[in-house]
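Numbering (the numbering used here), first residue to last: 41 to 320. Where a beta carbon is used, it is the ideal one built from N, C-alpha and C, also for glycine. Take a look at the structure set out below.
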DNA sequence: AAAGTTGCCTGCAAGC
DNA sequence: TGCTTGCAGGCAACTT
């Protein structure tokens, strides 16, 4: 469940049980996620206190009192489950619900257990410093003041690539994924496939606004929940009901005054949903 | 069969 | 010509 709004929702859910707590127990139930866990992962985290929980792009960063941070990425299917303070009552916690994909377990000094599940295992964790190159390479936060039309003008200049693929490039703007790029381009009525250099400059400001709007609305809705089977303890987001183009192939275009039909195409190996009538 | 992720690899074009 | 760089597209990692 992982684009910026989903990661932000996860961050907000973990913050109250994690920040200020120390990790009494850490268990890695396999040596790797997408990549091998770093050397001494469990030892280096056990006993550490979490100072803060931040989001950067689609990354979660738990700052540690012993320096550095725990970097976490949800990949495609990564998710966290939080279970209450059973330890305080002297009861052992039940086995993870989906034991096969429960890869990392944290238990705080309050006895709260936080389990990281990831069926496809495209997610990853690492222990990093502030100068980690994955973080330094990221473009501006789309909801930040420094993301504006000028940023897009620079990124689009001279590019034959479509706006769709450039907006997915985390070096241009950090945190957008397939869903919200499709949604934002539709709101701004910009073709996802035309050469980015051919998008008129006056259209970049509305595009920035569309990106900020759709992300803000999605965060307010708790993100989007796709293909989420067992409803975890946390509530599911409901923004998927507000999709105007994503996964809406064949539906009428909801843009005002447009009588087009939503189509699906493939760009850089990923589905693009758009209205060929009003997005030009 | 398709999937919301990133990053690596390739082949090609452009530039010096 | 040959080398380097950037670009654009494809694919791999895995499970349901």
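> Looking only at DSSP bridge pairs, what is residue 286 linked to?
Replying inline: According to DSSP, residue 286 bridges with nothing at all.
>> If I follow the unbroken alpha helix (DSSP H) through residue 49, where does it start and stop?
In response: 44 to 58
> Taking DSSP as the reference, what is the three-state secondary structure of residue 103?
Replying inline: Here residue 103 sits in strand by DSSP.
>> In whole angstroms, give me the CA-to-CA distance for residue 293 and residue 146.
In response: 45 Å
> Between the C-alpha atoms of residue 248 and residue 188, what's the straight-line distance to the nearest angstrom?
Replying inline: 6 Å
> Which stretch, first to last residue, makes up the alpha helix (DSSP H) that contains residue 244?
Replying inline: 244 to 260
>> Can you tell me whether residue 306 is buried or exposed? The criterion is at least 16 other CB atoms within 10 Å of its CB, across all chains shown.
In response: exposed
>> Please state the DSSP three-state secondary structure of residue 264.
In response: coil
> Can you list, in chain order, the residues of its chain whose CB lies under 6 Å from that of residue 160, leaving out five sequence neighbours each side?
Replying inline: Counting only Cβ-Cβ distances below 6 Å, and skipping sequence neighbours, we find 116, 117.
>> On the DSSP letters alone, give me the boundaries of the alpha helix (DSSP H) that residue 220 sits inside.
In response: 218 to 227
> Should residue 278 go down as buried or exposed, given a rule of 16 or more other Cβ atoms within 10 Å for buried?
Replying inline: Residue 278 counts as exposed, since fewer than 16 other C-beta atoms from the protein chains shown sit within 10 angstroms of its C-beta.
> Can the beta-carbon of residue 199 be found closer than 8 Å to that of residue 240?
Replying inline: no
> How do the stretch 42 to 53 and the stretch 69 to 87 stand: do at least 3 beta-carbon pairs fall below 8 Å, yes or no?
Replying inline: Contact check between the stretch 42 to 53 and the stretch 69 to 87: fewer than three CB pairs, one atom from each, fall below 8 Å, which does not count as touching.
> Among residues of its own chain, excluding the 5 on either side of residue 88, which ones have a beta-carbon nearer than 7 Å to its beta-carbon?
Replying inline: 62, 63, 104, 105, 106
>> Rounded to whole angstroms, what is the Cα-Cα separation between residue 299 and residue 57?
In response: CA-to-CA, the gap between residue 299 and residue 57 works out to about 48 Å.
> In or out: residue 128 buried (at least 16 other Cβ within 10 Å) or exposed?
Replying inline: With a pLDDT of only 45 at residue 128, under the threshold of 50, the placement of this residue in the model should not be trusted; the figure read from the coordinates follows. It is exposed - the Cβ of residue 128 has fewer than 16 other Cβ atoms within 10 Å.
>> Tell me which residues share the same chain as residue 206 and place their Cβ nearer than 8 Å to its Cβ, disregarding the 5 neighbours each side in the sequence.
In response: 195, 196, 199, 212, 236
> The beta strand (DSSP E) with residue 205 in it runs from where to where?
Replying inline: From DSSP, residue 205 is part of no beta strand (DSSP E) but of the alpha helix (DSSP H) over 203 to 208.
>> Cutting at 6 Å between CB atoms, please list the residues of its own chain near residue 254, excluding the five before and the five after it.
In response: 220, 223, 224
>> Using a 10 Å radius around the Cβ and a threshold of 16 neighbouring Cβ atoms, would you call residue 140 buried or exposed?
In response: exposed
>> Taking only three categories from DSSP, how would you classify residue 177?
In response: coil
> In three-state DSSP terms, what is residue 238?
Replying inline: helix
> Using CA coordinates, which residue listed in 315, 310, 179, 218 is at the minimum distance from residue 231?
Replying inline: 315
> Quick one: is residue 176 buried, meaning 16 or more other Cβ sit within 10 Å of its Cβ, or exposed?
Replying inline: With fewer than 16 other Cβ atoms within 10 Å, it is exposed.
> Looking at the unbroken alpha helix (DSSP H) that takes in residue 85, where does it start and where does it end?
Replying inline: 81 to 85
> Any idea if residue 264 is buried or exposed, counting beta-carbon neighbours within 10 angstroms, 16 or more meaning buried?
Replying inline: buried
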